[in-house]
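Each remark here refers to the structure printed beneath this line.
Number of protein chains: 4
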Amino acid sequence: MLRKLPTSQERFSYSFIKLANVRDKKKPATSDWRAKVHEVIYEADTRAGKNFDIILLVAILLSVLVVMLESVTWINEELSWFFQPLEWVLTVLFTLEYILRIVCIRKPWSYIFSFYGIIDLLSLLPTYISLFFTGTHSLAVIRSIRLLRVFRIFKLAQFLSEATTIMKALRNSRYKISVFMLGVLMIVIIMGTVMYLVEGGPDSNFDSIPRSIYWAIITLTTVGYGDISPVTALGQAISSIVMIFGYAILAVPTGIVTNEFIKSAGDKSNNTQACPNCSLEGHDDDAKFCKFCGSEL
Amino acid sequence: MLRKLPTSQERFSYSFIKLANVRDKKKPATSDWRAKVHEVIYEADTRAGKNFDIILLVAILLSVLVVMLESVTWINEELSWFFQPLEWVLTVLFTLEYILRIVCIRKPWSYIFSFYGIIDLLSLLPTYISLFFTGTHSLAVIRSIRLLRVFRIFKLAQFLSEATTIMKALRNSRYKISVFMLGVLMIVIIMGTVMYLVEGGPDSNFDSIPRSIYWAIITLTTVGYGDISPVTALGQAISSIVMIFGYAILAVPTGIVTNEFIKSAGDKSNNTQACPNCSLEGHDDDAKFCKFCGSEL
Amino acid sequence: MLRKLPTSQERFSYSFIKLANVRDKKKPATSDWRAKVHEVIYEADTRAGKNFDIILLVAILLSVLVVMLESVTWINEELSWFFQPLEWVLTVLFTLEYILRIVCIRKPWSYIFSFYGIIDLLSLLPTYISLFFTGTHSLAVIRSIRLLRVFRIFKLAQFLSEATTIMKALRNSRYKISVFMLGVLMIVIIMGTVMYLVEGGPDSNFDSIPRSIYWAIITLTTVGYGDISPVTALGQAISSIVMIFGYAILAVPTGIVTNEFIKSAGDKSNNTQACPNCSLEGHDDDAKFCKFCGSEL
Amino acid sequence: MLRKLPTSQERFSYSFIKLANVRDKKKPATSDWRAKVHEVIYEADTRAGKNFDIILLVAILLSVLVVMLESVTWINEELSWFFQPLEWVLTVLFTLEYILRIVCIRKPWSYIFSFYGIIDLLSLLPTYISLFFTGTHSLAVIRSIRLLRVFRIFKLAQFLSEATTIMKALRNSRYKISVFMLGVLMIVIIMGTVMYLVEGGPDSNFDSIPRSIYWAIITLTTVGYGDISPVTALGQAISSIVMIFGYAILAVPTGIVTNEFIKSAGDKSNNTQACPNCSLEGHDDDAKFCKFCGSEL
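Chains as they are written, first to last, in the UniProt record's numbering: chain R, 1 to 297; chain P, 1 to 297; chain S, 1 to 297; chain A, 1 to 297.
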């Protein structure tokens with residue numbers, strides 16, 4: 001019988017921060033303080049672990065906000081006296097966290113070369129590199145790399161059960177979606193080429209096939225910037241077909257994903273308990289007696 | 001067993017105005033006229049209550065229309081002789097209603113500090129405040145607050161059973177939708193930053209990360225204003241990816257909500273048979289024995 | 001037991017033209033030729049009736065095409081020698097049909113004042129009226145009324161079983177969709193007003209509340225013309241919220257209608273036949289023996 | 001009984017290249033080398049056949065890329081020394097393949113006049129024709145025909161089981177989608193005409209009915225280029241209605257296709273048990289007796 005699932009509310013509030021490298025559940029026990037730090041950083045069962053995750057989340061969000069606002073010229077000019085020290089404080093904090101993560105784990109290299117380990121490192125470096133650089137634009141590029149920290153929120157969020165459900169539905173439908181994408185790609189190549197032949201010309205916006213394909217993508221996905229749009233009657237007629245087509249086939253990915261959600265919802269409510277008397281299955285989770293023969297389950 | 005549900009038609013026409021502070025069903029009985037007024041204002045079972053709700057709805061719609069039209073310069077200039085008195089009549093009416101609501105309820109403060117109580121008050125004040133103000137723009141701002149009256153339609157509409165079904169489906173999927181939104185947010189932050197690095201520059205439209213994120217939102221949601229659009233080949237290629245991505249992941253919220261609608265539809269069609277022995281409900285259609293107590297159905 | 005349903009193919013090809021005023025199935029039998037004409041015009045069971053419907057469909061499409069092309073100045077100038085006689089031939093044909101419809105039906109007034117009767121008449125008049133008019137623009141307006149003939153295709157198409165399924169799903173979800181629309185309306189009013197306060201001003205595009213609401217509709221529905229778009233940072237932030245909101249709540253009508261399609265698909269496959277021996281139901285349409293007790297159905 | 005289906009992963013990787021003219025499974029056996037070539041080209045069971053398909057896929061993708069890049073003026077100018085020989089190599093390769101396909105098949109004409117046979121030929125000719133042509137634009141047109149090679153990817157991809165599922169869902173819903181399209185067509189004709197009457201005029205963008213219909217399509221499908229947009233208040237009001245309508249009825253194709261996906265998912269999970277007596281399949285999971293012959297399962 002399935003364990004009683006926690007209510008949605010519970011799952012959302014509690015599991016948000018269940019940041020856990022589950023494989024490391026058995027603590028290293030090398031030394032006392034390392035085991036303690038490991039528990040705080042890699043697990044979220046204790047109060048200290050939870051608080052650590054919350055502080056980390058706030059620090060990441062703050063740091064992302066700073067990187068974003070720094071890119072706005074007038075904000076940066078007025079507030080750089082505030083942003084620069086804040087950035088250094090946050091970077092030192094993240095560096096400390098990075099070092100602690102390496103120190104307290106049993107197999108440091110498995111963390112360092114994991115996806116999130118690389119992200120953690122890459123989002124630290126730019127601040128240090130910026131000490132040696134002075135060129136404005138190349139600096140901007142380097143400093144923007146710090147936004148990779150956004151991925152660290154993913155790391156925190158991936159333990160949300162809701163994210164799991166969504167990712168599962170997307171993963172189950174990934175081949176169908178890929179094939180759909182392949183179909184969309186062919187349609188935009190063909191329609192783009194047709195438009196290049198119909199509207200093309202040196203003064204037209206449809207001056208090359210890749211550009212016409214770009215137009216076809218804009219139109220098929222119903223984005224419709226309007227930076228490239230047909231001017232001839234025939235071009236507008238073809239354009240109309242692409243639009244209606246894009247409008248209608250949006251139903252395909254939706255159908256695929258919806259189907260997966262419904263399937264996984266159905267799986268959850270499955271109960272595989274069999275009646276001890278008549279061996280029949282299909283009982284509800286709250287059933288105490290077999291609904292076919294009346295004997296106790 | 002569930003009562004036979006009214007037909008869709010009935011539910012739509014009758015329950016529209018079942019404006020009811022259900023907790024106050026037991027009338028205060030302080031004095032005769034208060035009880036009477038309470039019945040008219042807070043309930044919709046009597047003919048007077050229904051009529052009151054309809055008059056209120058018309059007054060709100062009329063008042064919303066006036067506020068909207070007043071903001072159009074030429075209409076306001078030509079019709080202000082008509083709008084001003086009408087606005088005063090409506091405001092006095094709403095004020096009267098507000099006072100009556102406070103007077104006839106047993107616990108006035110619970111109404112005054114409720115969401116709708118504050119809305120009711122806030123949508124009254126601007127007209128009175130406008131007596132003391134003369135600055136054109138600040139007046140426009142203040143007068144626009146009256147549009148909060150639109151929320152009062154929500155108060156009337158929330159008893160519609162259709163609204164309940166929709167709200168239930170949205171409430172059930174709120175955590176999944178939130179997680180999806182979080183994912184969308186990260187995607188637009190990352191893609192916006194990438195575009196800022198690719199297309200950015202002092203003369204470009206992608207002159208800061210927040211602006212680039214704004215572009216990413218416009219593109220991912222397939223809105224596509226066209227006020228900011230990429231000009232370099234690489235930028236257009238990245239843009240294409242964002243578009244196709246936005247086109248495909250639209251399937252996710254749709255799948256989530258559709259799943260909820262189907263689930264709640266399934267709940268409705270449940271067997272309403274009660275066990276003759278233990279009186280519990282929730283049996284399957286093909287059940288022969290009560291699944292709770294084992295007695296024959 | 002349900003009758004074996006025709007295959008999709010059959011239903012599509014045969015029923016397309018089952019133009020039938022079903023209530024008149026019992027022929028009037030007033031006179032021989034009238035009965036015959038009635039059969040040809042109002043029914044589609046005979047070969048003559050089917051041919052009549054096909055000719056009518058072609059004539060309507062041709063006439064709609066002519067009206068559309070006449071509105072293009074250069075096409076009209078070059079081809080008016082061809083369009084004018086063609087239009088007259090078609091109009092005389094439709095007039096003849098209109099008269100025959102009235103003559104051969106038992107209760108002419110019920111046809112004349114029916115929705116399609118009025119459409120039929122209104123789409124005839126403009127050609128005759130254009131004889132007495134000479135003003136170019138008013139003439140264009142009057143002549144455009146002929147496009148009402150498009151509705152006559154609806155009359156032919158409404159007997160398509162596919163159209164019936166779609167219309168049924170839409171009709172079943174009409175209250176939910178209406179409530180959703182009401183919600184959308186309130187959101188666009190509130191967001192439009194907010195944008196009017198944030199972006200408004202004499203030189204702005206958000207110069208009145210109705211115009212701002214128009215912008216909110218363009219944005220929420222993800223159309224995104226770009227003729228009105230926010231320029232301030234705050235305006236763009238609010239705009240982003242409206243976009244993401246519009247992107248997400250598109251799931252609501254989709255969920256409602258999908259649910260209806262699934263429900264109606266489920267209804268079709270229901271078989272209410274009970275086993276004569278054990279009285280159990282739930283058998284497939286092609287079952288010959290009870291699947292629970294094995295006795296013949 | 002159905003064979004155990006391969007896992008999604010297997011199906012995706014292996015069946016991608018199961019290029020097979022299944023009807024020709026029984027090999028011609030005319031001569032040894034022909035049979036061998038037939039096996040390599042038309043089938044994908046052997047290692048040689050798989051490798052052939054992969055090489056073909058790469059050659060097609062390469063050739064499509066070249067055609068696309070050639071159309072970009074500056075790329076073509078710089079890289080024509082590379083593109084021209086590559087194009088000739090690829091064309092000779094495809095010509096060879098075309099000849100081999102004809103030679104090794106038993107009924108050459110059935111291939112030559114099949115859809116893919118014509119595509120194969122048409123995508124070869126332009127390179128040879130370009131030897132005799134010199135006009136730049138007509139040459140561009142002719143050379144673009146080579147992009148028809150994209151269809152050859154379809155030929156390879158149509159054996160993907162994912163593509164089969166999607167195509168089946170679309171094929172099952174083709175009549176419903178057609179009827180929906182018919183409805184959309186009528187709506188855009190009517191709304192386009194209305195806008196032509198409201199906004200039309202010599203200086204307006206709505207200067208003819210076809211152009212107004214083009215606008216209606218842009219708006220209803222939520223593409224929204226913005227090249228044509230209403231300027232009068234009434235036009236914007238009508239426009240708003242079209243937008244909200246287009247936003248809401250997107251639910252219809254989605255509902256249709258989702259329903260088909262769910263139905264076909266349901267079909268897959270069917271019981272594959274065959275009756276030991278009559279060998280018929282299609283029994284329910286809870287069936288104890290064959291529903292066709294009544295013998296115990």
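For each residue, glycine too, the CB sits at the ideal point set by N, CA and C. Nothing here was measured: the structure is a model prediction, and the numbers come from that model.
Check	Outcome
Determine the chain A residues that contact T91 of chain S at a beta-carbon separation under 9 Å, and present them in chain order.	Near T91 of chain S there are no residues of chain A at all, since even the closest Cβ is about 18 Å away, more than 9 Å.
Is the Cβ of G246 of chain R closer than 8 Å to any Cβ of chain A?	yes
State buried or exposed for I218 of chain R, treating a residue as buried only when at least 16 other CB atoms are found within 10 Å of its CB.	buried
Between T232 of chain A and chain P, is the shortest Cβ-Cβ distance under 8 Å, so that the two count as touching?	no
Using 8 Å as the limit for Cβ to Cβ distance, is residue 340 of chain A near chain S?	Nothing can be reported for residue 340 of chain A: it is not among the residues displayed for chain A, which extend from 1 to 297.
Can you name the start and end residues of the alpha helix (DSSP H) that Y225 of chain S belongs to?	Counting along the chain, Y225 of chain S falls outside any alpha helix (DSSP H), and DSSP gives it neither H nor E.
Beta carbon of M191 of chain S, beta carbon of V223 of chain S: below 8 Å?	no
Should L156 of chain S and L61 of chain S be called a contact, given that it needs their Cβ atoms to be closer than 8 Å?	no
For the region 168 to 183 of chain S, which residues have a beta carbon sitting closer than 7 Å to at least one beta carbon of chain P?	Y175, K176, V179, F180, L182
Under 7 Å Cβ-Cβ, which residues of chain R neighbour G224 of chain S?	G224
If I follow the unbroken alpha helix (DSSP H) through N172 of chain R, where does it start and stop?	161 to 172
Should V89 of chain P be labelled buried (16 or more other beta-carbon atoms within 10 Å of its own) or exposed?	exposed
Cβ of L148 of chain S within 8 Å of Cβ of S123 of chain S?	yes
Counting only beta-carbon atoms, is M243 of chain A nearer than 8 Å to chain P?	no
Taking I187 of chain S and Y196 of chain S to be in contact with their CB atoms under 8 Å, please state how far apart those CB atoms are, rounded to whole angstroms.	That belief does not hold up - the Cβ atoms of I187 of chain S and Y196 of chain S are roughly 15 Å apart, past 8 Å.
Closer than 8 Å, Cβ to any Cβ of chain P: which residues of the region 250 to 262 of chain A, in chain order?	T254, T258
Would you call W74 of chain A buried or exposed, if buried means 16 or more other Cβ atoms sit within 10 Å of its Cβ?	exposed
List, from N- to C-terminal side, the alpha helix (DSSP H) runs of 4 residues or more that fit wholly inside the region 55 to 135 of chain S.	73 to 104, 108 to 112, 115 to 122, 125 to 129
Going along chain A in order, which residues have a C-beta closer than 7 Å to the C-beta of M68 of chain S?	I209, P210
Roughly how many angstroms lie between the CA atoms of D120 of chain P and L96 of chain P, to the nearest whole one?	11 Å
Against chain R, with Cβ distances strictly below 8 Å, would T221 of chain A count as a contact?	yes
What span of residues does the alpha helix (DSSP H) with D207 of chain S cover, start to end?	Segment: none, D207 of chain S is in no alpha helix (DSSP H) and carries neither H nor E.
Classify T46 of chain R as helix, strand or coil using the three-state DSSP reduction.	coil
Consult DSSP for G235 of chain P and reduce its assignment to one of helix, strand or coil.	helix
I'd like to know if M186 of chain R contacts chain A, where contact means its C-beta is closer than 8 Å to some C-beta of that chain.	yes
Are the CB atoms of I213 of chain R and I228 of chain R nearer to each other than 8 Å?	no
Can you check whether the C-beta of A20 of chain P is within less than 8 Å of a C-beta belonging to chain R?	In this prediction, A20 of chain P scores a pLDDT of 40, lower than 50, which makes its location untrustworthy; the coordinate-derived value is nonetheless stated afterwards. No, A20 of chain P does not count as interfacial toward chain R.
Who are the Cβ neighbours of G200 of chain S in its own chain at under 6 Å, not counting the five residues just before and after it?	F206
Go ahead and pull the three-state DSSP assignment for G255 of chain A.	helix
Tell whether a beta-carbon distance below 8 Å holds between T164 of chain R and S264 of chain R.	no
Check whether the region 245 to 258 of chain P and the region 176 to 184 of chain P are in contact - that is, three or more C-beta pairs closer than 8 Å.	yes
Which residues, taken in chain order from the region 187 to 200 of chain S, show a beta carbon closer than 8 Å to some beta carbon of chain P?	I189, I190, T193, Y196, L197, G200
Does S71 of chain R have its Cβ less than 8 Å from a Cβ in chain P?	yes
Report all residues from its chain with a CB closer than 7 Å to the CB of K168 of chain A; omit the five preceding and five following residues, and keep chain order.	S264
Ordered along the chain, which non-local residues of its own chain (more than five positions away) have a Cβ less than 7 Å from that of C104 of chain S?	R34, V37, H38, I41
Is L160 of chain A close to chain R? Criterion is C-beta to C-beta, closer than 8 Å.	yes
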